[in-house]
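**Student:**
The structure is reproduced here in structure tokens:
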């Protein structure tokens with residue numbers, strides 16, 4: 004199955020079709036870490052990573068339809084603070100294999116369940132309609148904000164404006180202390196030079212030199228809007244923290260209205276790894292609405308009493324199991340906090356698995372090895388996955404090498420279709 008693409012045109016077609024639309028990882032010290040894809044511009048890929056590298060070589064990977072794509076790049080530039088411009092060299096294609104150890108639910112003394120499932124497309128649709136409860140919350144917060152900061156606003160809409168779209172791509176808040184003094188900029192926030200380009204195209208009067216803009220997110224993942232504060236005098240970090248808390252409160256109260264129709268089903272987890280999860284889901288109305296092949300969903304994963312993480316993932320497999328469905332899901336760029344919680348939990352599970360493997364070895368049996376991709380069933384199970392409703396059958400996908408160069412990376416990750 005191993006193939007190699009060196010043709011520049013073919014390389015760009017693959018990068019455009021897959022990178023930015025599927026979970027991407029970057030190789031560092033022989034390990035793979037999630038990486039944020041910002042854009043594809045001038046035949047170069049722009050990424051955001053906090054990792055440090057010993058040379059200019061970069062390898063990014065994605066998995067698609069059972070194949071793993073390893074894209075080799077050279078560092079062509081960047082800001083030295085995580086934003087890198089990479090020029091492609093070649094792409095290798097190999098068979099996908101599971102990344103990291105998988106923990107079966109039976110191996111851990113806990114009732115792991117998945118709850119509050121929602122399709123990311125439904126999150127955006129929900130705020131595209133007029134809702135009196137949401138409007139009342141926004142009005143109250145706008146009034147409260149304007150009392151403390153006269154020149155402030157709250158943007159909240161079903162479609163992103165340019166400012167929100169760029170904050171989404173860079174995954175950084177805007178905190179400009181003094182627009183006319185680049186030395187005051189911090190690499191932890193939105194790139195200073197990029198901000199100047201936004202400002203030039205905005206209608207903000209020139210006398211306002213300081214700005215704080217914090218995204219309003221649905222559970223830390225989907226950008227719904229932002230809280231913006233402008234000032235003629237430099238704003239400090241204490242104000243930044245206040246606005247950050249304010250934006251989180253807006254998000255919390257809007258979610259509490261129930262405007263986002265999360266599933267009420269409680270789904271038993273079958274197995275879990277750092278790369279993916281599988282769980283059992285009953286054939287309910289919410290299942291038909293939210294769970295579709297290659298769709299991106301958000302859900303709460305309850306690991307144990309008092310420990311919960313919110314997961315974003317792409318559905319890679321749906322298997323009919325007579326009365327229920329088994330859903331395989333590949334994780335998509337989890338937040339740093341949720342990643343740490345999951346790693347801590349799986350390390351505990353790994354210790355238990357090691358003990359069980361040792362016991363099996365003593366009894367003369369060897370533990371099973373895994374070769375399938377995270378979030379996938381095995382190849383035999385995939386062949387059996389033809390008995391479920393046609394609604395969930397995977398339709399033939401477009402040739403991943405087709406030219407999508409005119410399509411910008413979508414804000415919602417999805418398979419090429």
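Numbering (our numbering), first residue to last: 4 to 420.
We treat Cβ as the ideally placed atom computed from N, Cα and C, and that holds for glycine.
1. Have a look at residue 53 and residue 38 and give me their C-alpha separation to the nearest angstrom.
2. Any idea which residues DSSP pairs residue 42 with across the strands?
3. Would you please state the rounded distance, in angstroms, between the beta carbons of residue 306 and residue 315? I believe it to be under 8 Å.
4. If you run the structure through DSSP and keep just helix, strand and coil, what is residue 273?
5. If I measure Cβ to Cβ from residue 6 and keep anything under 6 Å in the same chain, skipping five residues before and after, which residues do I get?
6. Sorted by chain position, which residues of the same chain lie with C-beta nearer than 8 Å to residue 181's C-beta, five sequence neighbours on each side aside?
7. If you run the structure through DSSP and keep just helix, strand and coil, what is residue 240?
8. Between which two residues does the beta strand (DSSP E) carrying residue 300 extend?
9. May I have the straight-line CA-CA distance separating residue 310 from residue 207, to the nearest angstrom?
10. Which ranges would you report for the beta strand (DSSP E) in the stretch 71-158 if only whole runs of at least 3 residues count?
11. Would you mind giving the Cβ-Cβ distance between residue 48 and residue 22, rounded to the nearest angstrom? I have them listed as a contact below 8 Å.
12. Just mark residue 205 as buried or exposed, buried being the case when its beta carbon has 16 or more other beta carbons within 10 Å.
13. Let's see if you can read the secondary structure: which residues bound the alpha helix (DSSP H) around residue 11?
14. Quick check on the DSSP output: the alpha helix (DSSP H) that includes residue 336 runs from which residue to which?
15. With a floor of 4 residues, list each alpha helix (DSSP H) that falls wholly inside the stretch 163-202, ordered by position along the chain.
16. Shortest alpha-carbon distance to residue 178 belongs to which of 85, 98, 247 and 162?
17. Report the rounded CA-to-CA distance for residue 12 versus residue 189, giving the unit in angstroms.
18. Give a yes or no on whether the C-beta atoms belonging to residue 272 and residue 92 are separated by under 8 Å.
19. Cα separation between residue 295 and residue 144?
20. Since residue 268 contacts residue 234 with CB under 8 Å, what's their CB separation in whole angstroms?
21. Near residue 257, which residues of its chain fall below 7 Å by C-beta distance, leaving aside the five closest residues on each side in sequence?
22. Taking the C-alpha atoms as reference points, what is the distance between residue 225 and residue 168?
23. Hey, residue 125 and residue 293 are a contact pair by Cβ (cut 8 Å); roughly how many whole angstroms apart?
24. Report the partner residues of residue 29 according to the DSSP bridge assignment.
25. Between residue 77 and residue 63, which are expected to be in contact by the criterion C-beta below 8 Å, what is the C-beta distance as a whole number of angstroms?
26. Could you have a look at residue 315 and say whether DSSP puts it in helix, strand or coil?
27. Contact defined as beta carbons within less than 8 Å: I believe residue 156 pairs with residue 231. What is the distance between those atoms, to the nearest angstrom?
28. Quick check: what's the CA-CA separation for residue 74 versus residue 94?
29. Can you tell me which residues form a DSSP beta bridge with residue 324?
30. Within the continuous beta strand (DSSP E) that includes residue 290, where are the two ends?
31. Who are the near neighbours of residue 337 in its chain, counting only those whose CB is closer than 8 Å to its CB and skipping five residues on each side?
32. State the start and end residues of the unbroken beta strand (DSSP E) segment that holds residue 266.
**Tutor:** According to the data block:
1. As a working note, residue 53 is residue 50 in the chain shown. As a working note, residue 38 is residue 35 in the chain shown. About 9 Å.
2. One-based indexing of the chain shown puts residue 42 at position 39. Paired residues: 49.
3. Looking up residue 306 in the chain shown gives position 303. Looking up residue 315 in the chain shown gives position 312. About 16 Å; that fails the 8 Å criterion.
4. As a first step, residue 273 must be located in the chain shown, where it is residue number 270. Correct three-state label for residue 273: strand.
5. Here residue 6 refers to the residue found at position 3 when the chain shown is read from its first residue. Cβ within range, chain order: 96.
6. For this step, residue 181 is matched to residue 178 along the chain shown. Only 187, 212, 213 and 237 meet the Cβ criterion.
7. As a first step, residue 240 must be located in the chain shown, where it is residue number 237. Three-state result, residue 240: helix.
8. Indexing the chain shown from 1 puts residue 300 at position 297. First-last of the beta strand (DSSP E) with residue 300: 299-307.
9. Walking along the chain shown from the start, residue 310 turns up at place 307. Walking along the chain shown from the start, residue 207 turns up at place 204. Roughly 44 Å separates the two Cα atoms.
10. 86-98 and 116-122
11. If you number the chain shown from 1, residue 48 lands on position 45. If you number the chain shown from 1, residue 22 lands on position 19. Rounded, the Cβ-Cβ distance is 6 Å, consistent with contact.
12. Looking up residue 205 in the chain shown gives position 202. Answer is exposed; the Cβ neighbour count stays below 16.
13. The residue you call residue 11 lines up with position 8 of the chain shown. Residues 11-21.
14. To locate residue 336, count along the chain shown from 1; it is residue 333. That residue, residue 336, is in no alpha helix (DSSP H); it is neither H nor E in DSSP.
15. 165-173
16. Residue 178 sits at position 175 when you count from the first residue of the chain shown. Of 85, 98, 247 and 162, the residue nearest in Cα terms is 247.
17. Here residue 12 refers to the residue found at position 9 when the chain shown is read from its first residue. Here residue 189 refers to the residue found at position 186 when the chain shown is read from its first residue. Rounded to the nearest angstrom, the two C-alpha atoms are 37 Å apart.
18. Here residue 272 refers to the residue found at position 269 when the chain shown is read from its first residue. Here residue 92 refers to the residue found at position 89 when the chain shown is read from its first residue. Contact flag unset, no.
19. If you number the chain shown from 1, residue 295 lands on position 292. If you number the chain shown from 1, residue 144 lands on position 141. C-alpha separation (whole angstroms): 36 Å.
20. Taking the chain shown and counting its residues from 1, the one referred to as residue 268 is at position 265. Taking the chain shown and counting its residues from 1, the one referred to as residue 234 is at position 231. Actually they do not touch by this definition, with Cβ atoms about 47 Å apart.
21. Here residue 257 is taken as the residue at index 254 of the chain shown, counted from 1. If we look at residue 257 and ignore the five residues flanking it on each side, its Cβ neighbours are 137 and 140.
22. Sequence index remark: in the chain shown, residue 225 carries index 222 (1-based). Sequence index remark: in the chain shown, residue 168 carries index 165 (1-based). Distance between the alpha carbons of residue 225 and residue 168 is about 11 Å.
23. Against the chain shown, residue 125 aligns to sequence position 122. Against the chain shown, residue 293 aligns to sequence position 290. With 8 Å as the limit, residue 125 and residue 293 qualify as a contact, their Cβ atoms being about 7 Å apart.
24. In the chain shown, residue 29 corresponds to position 26, counting from 1. Bridge partners of residue 29: 36 and 63.
25. For the purposes of this step, residue 77 is identified with residue 74 of the chain shown, where counting begins at 1. For the purposes of this step, residue 63 is identified with residue 60 of the chain shown, where counting begins at 1. Going by Cβ atoms, the distance from residue 77 to residue 63 rounds to 12 Å, so no, they are not a contact pair.
26. If you number the chain shown from 1, residue 315 lands on position 312. Three-state result, residue 315: strand.
27. Residue numbering aside, residue 156 sits at position 153 when the chain shown is read from its first letter. Residue numbering aside, residue 231 sits at position 228 when the chain shown is read from its first letter. Their Cβ separation, rounded to whole angstroms, is 5 Å, which keeps residue 156 and residue 231 in contact under 8 Å.
28. In the chain shown, counting from the first residue as 1, residue 74 sits at position 71. In the chain shown, counting from the first residue as 1, residue 94 sits at position 91. Computed Cα separation, rounded: 4 Å.
29. In the chain shown, residue 324 corresponds to position 321, counting from 1. For residue 324, which the question treats as bridged, DSSP gives the partners 327.
30. Working through the chain shown from its first residue, we reach residue 290 at position 287. Segment 288-293 is the alpha helix (DSSP H) holding residue 290; no beta strand (DSSP E) there.
31. Locating residue 337 in the chain shown gives position 334, where the first residue counts as 1. So the qualifying residues of the chain are 37, 312, 314, 315 and 345.
32. The residue labelled residue 266 in the question sits at position 263 within the chain shown. Residue 266 -> no beta strand (DSSP E), and no H or E assigned at all.
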